Amino acid sequence: MSSMDLLLLWSDRMVVSIVIWFTLFVALLYLARMPAHRSIRSLCLIVRNGFRLAARAVRQVEEKLNQRNREVLLANGQESTEQLLEREFHRVNAVVSRDLSGYPNLQRQLSEQITRIDEDYQQSTEIPPEAPGWVKAVETVAKLRNDDSGMVGKILGEIHSTIKKSQVSALNEYRKASAKRHLLLKNMMPYWRKLTQTLSDVDRSIKGLEDRSQVIDQQMDQYEKIRARSPQAERTLSSSSMTQFFISGLVLTIAIVGGIVNYYLIALPMSEMVGANSMLGPFRASNVAALVIITLEIAMGLFLMESLRITHMFPVIGTMDDKMRKRMLLMTFTLLLILASVESSLAFMRDLLAADREALRQTLSGIQAANPEFRWIPSMGQMIMGFVLPFALTFVAIPLESFVHSSRTVIGVCGIGLLRLLAITLRYLGSMSYHLGNTLVNLYDLLIFIPLRFEELFVHYSKGSKNTHKKQHTPKPNQGNNTYEGGHGL
Amino acid sequence: MNNFQPRRFLTALLITCTLLLSSGCGEQVAPGRAVYMLMDTSGTYTQQLQKAQMIINYLLGTLDSGDSLAVARIDSGSFSEKDIVAKVTFDNRPSVATSQKREFRNQIDRFVKTVKGSPYTDISGGMLQAAEYLDETGAGKRNILIFSDMKEEIKKGHKRDFELPMDGIEVIALNVTKLSSDNIDPREYMARLDEWNKRVVSGGGTWRIINDLDRVETILN
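If you're matching them up, the sequences are chains F and V in order. Sequential numbering from 168 applies to the first sequence in the numbering used here. Sequential numbering from 637 applies to the second sequence in the numbering used here.
Set out below in structure tokens:
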């Protein structure tokens, strides 16, 4: 029986048959209304609960990731602050060992200078000239009676002249002594200056130490906040990590561009060495070889930076003893130098090949091959570039380290964001499915609104009838049981 | 971070170096492209050979290391190695390939200067020779360029009414000049080209015509 036969089962007229089918369908739906409602609601509830459960699971994962991210962030921050503190302590140690280790010597110098200044000062003090011993004798002679012989006068005259001479002599002596004192004071000047200089040096060292101690205090504050896992420290570290991520990403992009330039510089001459038609899988061997050389250069650069303890990506190198580390440093530098030299010669070869190819092209197109005057300038430029680029790529290690460290946090933050979005979406879908259940129930009822309307009318009528019936059967105080016999009035 | 192991690193380094060194004598794959160019030297068409030289120069500038190129003349009996004017498979080293290209160009120049017209035009024989050469190269992309008016004139006794083995070969007719009889009845020209198209396609190849030599760069597209 085809579907058309089935459709026309009740009547040959399509419309009549469709109406009958529809009526049957509606009747069927009406009969199955309650179980269907329950089924739709329970199904939607199941879906909703599923979504809610999934959302909860995602939230839990997000929490865990958040926790892990915090731990990574704080651990990185702690490590970084420890390194900063260590560096500050090293600086303080350097200041102390450089300046303050000579403190006993400095003290000795200072005390020597002070003693010398003191001695000079002592020597430069003014000693009042002693009163002459014969003053009393003069007084005694002056008290003698003048006997007109003029003896006293004579004596006094003699004394006067002697005193005058003595005064001149004393004055000269005094002047000499003063000059000597002044000379001593003059000689003290450089010692004073030296003393001032020494003291200002000490002051500077102390000031430097003070500054360092302030930095250490700040770092210690930060360190304590990190240790205490304070939200402020977390925010600061997160922001710093994001900044680091973008800056190092930018520098890495520049380095990648440099690497590409480097690659094009040596890919063509490599084909001269390994053959232009040799393949390694789907790739040209010359291209792979050029890439290998560049990656080797980058690897050597990484090890060089690691050996210099500028980066700390390989703890094995970092923890090597100094002798071994220096050997590694020398080895990587030598290899890098060799690779740079190879690249430089390849760059020169590239220039020769390009020039040869260009000459052929010109010949093929019927143009007289030109021989430019300053052809050596690009050749030299390429050679220098080939030599310098490997060393420049060495510094990729620094942004790479920052990028790797910061990307852990950034990826974590992005993961948290995605998980949060997923959780919200799942919750929204759960809510949607719940409301979808209600909508489906309403749509179901819409399909069978005709029988429902009849049912409603019937119920209404039945209720009205019952109420009337009840009213009729309710014994009124004055009616007794007579009303029941009234029958089922409409 | 803590996973760094010197032994592993050294092993990886050793493998890389080995790969790098071994790549010098690495697997030699089939050259990418092989082109066989047929130049019609019959009658007045020899006057068109300057244009053919331009096409050859373009090919020399375009083909690279590992590619093969052969130029042959179409004369009275073209199914012969003797008709190959010059052939080369470009060396893996670009510098050697450049030298080969110079030498190839010189050979063609010498040929164009000394070429003499032939009384008959055995295009089918030339195509057969070309297909044979291209098969031997084992190239991935194979082209036959025919620089001719495509008017075949077979010497009495030569049999050329067979199917051409053109499987995987793209045949490009270049500079198909119109003959004076074509001008009287253009259907002759159409029928001639249609006939060649059918022969190439039935042999398993593809057929293309480029008459505007200003669009020479589209030949190997």
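The beta carbon of each residue, even a glycine, is placed where N, CA and C say it ideally should be. Predicted model, so just to flag it, every value in this text is computed and none were measured.
Annotation: the continuous alpha helix (DSSP H) that includes Val182/F extends over 181 to 198.
Only Glu439, Met440, Val441, Gly442, Ala443, Asn444, Ser445, Met446, Leu447, Ala452, Ser453, Val455, Ala456, Val459, Ile460, Thr462, Leu463 from the segment 439 to 463 of chain F bring a Cβ to less than 9 Å from some Cβ of chain V.
The three-state secondary structure of Lys777/V, taken from DSSP, is strand.
For Ser701/V, the nearest CB of chain F lies under 8 Å from its own CB, placing it at the interface with that chain. Exclusion of the five residues before and after Leu502/F leaves Met467 as the residues of its chain whose Cβ lies within less than 6 Å of its Cβ.
For Asp370/F, the uninterrupted alpha helix (DSSP H) run begins and ends at 318 to 394, by DSSP. Taken through DSSP and simplified to helix, strand or coil, Ala706/V comes out as strand. Arg738/V places its beta carbon less than 8 Å from that of Leu527/F. If the five residues before and after Tyr756/V are omitted, its C-beta is found closer than 6 Å to the C-beta atoms of Ser712, Glu789, Lys791, all from its own chain and listed in chain order.
Apart from the 5 residues on each side of it in sequence, Arg348/F sits with its Cβ closer than 6 Å to the Cβ of Ser291 in its chain, given in chain order. With contacts defined as CB atoms closer than 8 Å, Arg835/V and Gly804/V fail to qualify as a contacting pair.
In terms of Cα proximity to Leu463/F, the closest of Pro557/F, Glu286/F, Glu279/F is Pro557/F.
If you check the CB distance, Leu432/F and Met552/F come in under 8 Å.
Distance between Ser816/V and Pro822/V, taken at the CA atoms: about 10 Å.
Residue nearest to Val608/F within the set Phe570/F, His204/F, Ser445/F is His204/F (criterion: CA-CA distance). In the structure shown, Lys723/V falls within a strand segment according to DSSP collapsed to helix, strand and coil.
By the 16-neighbour rule on beta-carbons within 10 angstroms, Tyr390/F is buried. When rounded, the separation of the alpha-carbon atoms in Gly840/V and Ser760/V is 15 Å. Annotation for Glu806/V: the continuous beta strand (DSSP E) segment containing it runs 805 to 810.
Arg669/V is bridged by DSSP to Lys777/V. At a cut-off of 8 Å, the C-beta of Leu527/F has a neighbouring C-beta in chain V.
When the Cα atoms are used, Thr365/F and Arg283/F turn out to be separated by approximately 15 Å. For a Cβ distance threshold of 9 Å, nothing in chain F lies close to Leu770/V: the least Cβ distance comes to about 18 Å. Counting the other Cβ atoms within 10 Å of the Cβ of Arg360/F gives fewer than 16, which makes it exposed.
Within the DSSP bridge table, the entry for Leu674/V names Ala708/V, Ile782/V as partners. Under the Cβ criterion (8 Å, minimum of three pairs), the segment 253 to 273 of chain F does not count as touching the segment 601 to 615 of chain F. Judged by their CB atoms, Asn728/V and Ser512/F are not nearer to each other than the 8 Å cut-off.
Nearest neighbour of Thr248/F by Cα position, chosen from Asp384/F, Leu175/F, Leu351/F, Arg223/F, turns out to be Asp384/F. The continuous stretches of alpha helix (DSSP H) do not include Thr292/F, and DSSP gives it neither H nor E. DSSP links Arg828/V through a beta bridge to no other residue. Contacts between Arg729/V and chain F, judged by CB atoms closer than 8 Å, involve Ser438, Glu439, Gly442, Ala443 in chain order. In the three-state reduction of the DSSP assignment, Phe515/F falls in the helix class.
Trp832/V is the residue among Asp850/V, Trp832/V, Arg851/V whose C-alpha sits nearest the C-alpha of Thr842/V. Cys211/F sits close to Tyr601/F, with the two beta carbons spaced by under 8 Å.
The criterion of a C-beta distance shorter than 8 Å is not satisfied by Asp758/V and Phe726/V. Along the segment 169 to 190 of chain F, there is no position whose C-beta sits under 9 Å from a C-beta of chain V.
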